[in-house]
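Novice: Under full-length UniProt numbering, the first residue of the sequence shown carries the number 1, and numbering increases by one thereafter. Let me give you the structure first, and then I'll get to my questions.
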Amino acid sequence: MADLVTPFAVRTAATLRLADIVQDGELPLDEIAKRSGAEADPLGRVLRYLVRRGLFTEPEPDVFGPNEASRALQADAPGGSREWLDLDGAVGRADLAFVELVEQVRGHHAAYPAAFGRSFREDLAHDPQLSDSFDDLMETKSDELAPAIAAAVPWERFGRVTDVGGGKGVLLAELLERHPDLLGTLVDLSGPAGTAEGYLESRGVRDRAEVVVGDFFDPLPPGADAYVLCDVLGDWEDADAVRLLGRCAEAAGADGREGSVLIIELLPDQDGEFTEMDLRMMVYVGGRMRDLDRTERIVGAAGLFIASVTMLDDGHGVIECLPDR
Ligand SMILES: C[S@@+](CC[C@H](N)C(=O)[O-])C[C@H]1O[C@@H](n2cnc3c(N)ncnc32)[C@H](O)[C@@H]1O
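Below, the structure written as C-alpha cells:
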C-alpha cells in the first residue's frame, strides 16, 4: 500500500509513452530509448522492473514488447489513463504535490504551492501546455459523463441552460445535440472558453450556443432556466462555493424567474472514489468533496434548497436546487 516505486515507474512509462512506442510489437531497448527521448540504461532498468510487475514483456534480453496491461497505457485506451498519469500533464504533475500532504495536514502550508511555488490555478494560467492538458483531461472525463447526465434529466423542460465553468463545452454540446429546441450559454475563463468556440462548432451546435468569457465569481449572464455546475464546486472551499452558488442563484432568479441550479458532483460511495477525490481536491486546489448534508448547508447559505437528487451509475449525483423563497 505504501510502495512508491511501482507508481513512479508506471508514471515514467506513461510520461515517455512507452506503451504507444511498443504497441505494434517488440522493439530493442536502444530503439525505445531513441523514440522516447530517454537514456537506454536507466530506461532498461525501469522496463525490467515493470516486466516483473506484469507491465510489458521482455521476450529476449533488452527487447521489450506490449501486453494486455501495457495496452491500457496507450493513448487510445478508453478512459485515458495515460493522460491522468502523465508527469508532464496538469494532473499527473499535481499528484507530485502529495509529498506535501503531511505538512498540509499539520496545518503548515497548502501542498501544491509548497511543491511548485504557485497555485494550481496560477500554473494553468501561466503555462499553456499544462492548461491544454487539463482541458483535454476534462474533455475525456466529460465524454464519458455527459451522455449519462443528458439522459438523467428531462432537459427539454428548460429553454436555455448555462454551463458555468463549462470547460471545452462537452456537456453543453451533448445537451444541445439531443435537444434541438434548447439554447445554451457557456461561461469559463478565456483559455477553455476560446477552445469551446471551435469545439461547439465541430459538434454542429454553435448557432444555439453563446460563449461568455468571464470569472464565475462575477455576476453571471441572467435569465437562463438552468445553471449547471458540473465538477466545479469540489474545486472550492465552502465560502467560495457559497459565493459561486450565490451567483448562480442570483442569475437564475433575475426578473422574478425561478430558474434551477444543477450541481453535478461525485457523492459518497462504497469503493472510496469519493474520499480519494476529496484528498485530490484538498492537495491540488484546497477544495473539498461534499456529501449531501454538507451540500445542503452550502446550498441553503446561497438561498437555495435541494429539490431532487438523481444518482448516475458512476457515483455522480445531479442535485437540482431551487430558490428558497
Ligand atoms: C474541474 S473543471 C470542470 C469543467 C467542466 N465543467 C467539466 O465537467 O468537464 C473546472 C472548470 O472551471 C473553470 N473555472 C475555474 N475558475 C473559474 C473562474 N473563476 N471563472 C470561470 N471559470 C472558472 C475552469 O477553467 C474549468 O473549466
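Quick reminder that beta carbons are idealized off the backbone N, C-alpha and C, glycines included.
Leaving out five residues on either side along the sequence, give the residues of the same chain with a beta carbon under 6 Å from the beta carbon of A254.
Specialist: If we look at A254 and ignore the five residues flanking it on each side, its Cβ neighbours are P222, G223.
Novice: Check whether the Cβ atoms of R247 and L220 sit closer than 7 Å, and answer yes or no.
Specialist: Their beta carbons are under 7 Å apart, which means R247 touches L220 by this criterion.
Novice: Between the Cα of T140 and the Cα atoms of K34, T15, A150, S81, which residue gives the shortest distance?
Specialist: Nearest option by C-alpha distance: S81.
Novice: Output needed for R48: all residues of its chain with C-beta closer than 7 Å, excluding positions within five of it in sequence on either side, in chain order.
Specialist: Around R48: E58.
Novice: Roughly how far, in whole angstroms, is the beta-carbon of C321 from the beta-carbon of A307, given that I think they are within contact range, below 8 Å?
Specialist: The pair is a contact, with the Cβ atoms about 6 Å apart (cut-off 8 Å).
Novice: Go to E210, then tell me how far its beta strand (DSSP E) extends in each direction, as first and last residue.
Specialist: Counting along the chain, the beta strand (DSSP E) containing E210 begins and ends at 209 to 213.
Novice: Measure how close the beta-carbons of V46 and A13 come, nearest whole angstrom, since I'm counting them as under 8 Å.
Specialist: Yes, they are in contact, since the Cβ atoms of V46 and A13 sit about 7 Å apart, within 8 Å.
Novice: Which residue comes first and which comes last in the beta strand (DSSP E) that contains G194?
Specialist: Element bounds for G194: not the beta strand (DSSP E) but the alpha helix (DSSP H), 190 to 202.
Novice: Given the structure, does P221 come close to ligand 1, in the sense that its CB is under 6 Å from one of the ligand's heavy atoms?
Specialist: P221: no, Cβ never under 6 Å from ligand 1.
Novice: Over the uninterrupted alpha helix (DSSP H) stretch that includes A69, give me the two end residues.
Specialist: Its alpha helix (DSSP H) spans residues 68 to 71.
Novice: Is the region 280 to 289 touching the region 114 to 130 in the sense that three or more CB pairs, one from each, lie closer than 8 Å?
Specialist: Segments in contact, yes.
Novice: Is it the case that the Cβ atoms of V205 and E177 are separated by a distance below 7 Å?
Specialist: Yes. Within cutoff.
Novice: Which one or two residues does DSSP pair with T310 in a beta bridge?
Specialist: DSSP lists V318 as partners of T310.
Novice: For F134, I'd like the list of residues in its chain whose CB is within less than 8 Å of its CB, leaving aside the five on either flank, ordered along the chain.
Specialist: Taken in chain order, the residues that qualify are G89, A90, V91, L124.
Novice: Any contact of the region 207 to 215 with the region 234 to 249, i.e. 3+ C-beta pairs under 8 Å?
Specialist: Result no; under three Cβ-Cβ pairs closer than 8 Å.
Novice: Going by C-alpha distance, which of A196, A110, G54, E83 is nearest A69?
Specialist: Here the closest residue by C-alpha is G54.
Novice: Kindly list the residues whose CB is nearer than 7 Å to the CB of P28, restricted to its own chain and excluding five residues on each side of it in sequence; keep chain order.
Specialist: These residues qualify, in order along the chain: D62, V63.
Novice: Starting from D238, trace the alpha helix (DSSP H) both ways and give me its first and last residue.
Specialist: First-last of the alpha helix (DSSP H) with D238: 238 to 252.
Novice: Straight-line CA distance for G315 to D41?
Specialist: Rounded to the nearest angstrom, the two C-alpha atoms are 44 Å apart.
Novice: Is S119 near ligand 1, going by C-beta to nearest heavy atom under 6 Å?
Specialist: Result no, Cβ not under 6 Å from ligand 1.
Novice: Output the boundary residues of the alpha helix (DSSP H) element that contains residue 327.
Specialist: The requested residue 327 does not occur in the structure, where the chain is confined to residues 1 to 325.
Novice: Taking 6 Å as the cut-off, is the C-beta of F216 nearer than that to any heavy atom in ligand 1?
Specialist: Because some heavy atom of ligand 1 lies under 6 Å away, the Cβ of F216 counts as near it: yes.
Novice: Select from R290, Q129, G191, A226 the residue whose C-alpha is nearest the C-alpha of E156.
Specialist: Nearest option by C-alpha distance: A226.
Novice: Examine ligand 1 and report whether any of its heavy atoms sits within less than 6 Å of the Cβ of V232.
Specialist: Yes, since a heavy atom of ligand 1 falls inside the 6 Å radius drawn around the Cβ of V232.
Novice: Kindly indicate which residue of R290, L279, F217, T310 has the alpha-carbon position closest to the one of L262.
Specialist: Among R290, L279, F217, T310, the Cα nearest to that of L262 is on T310.
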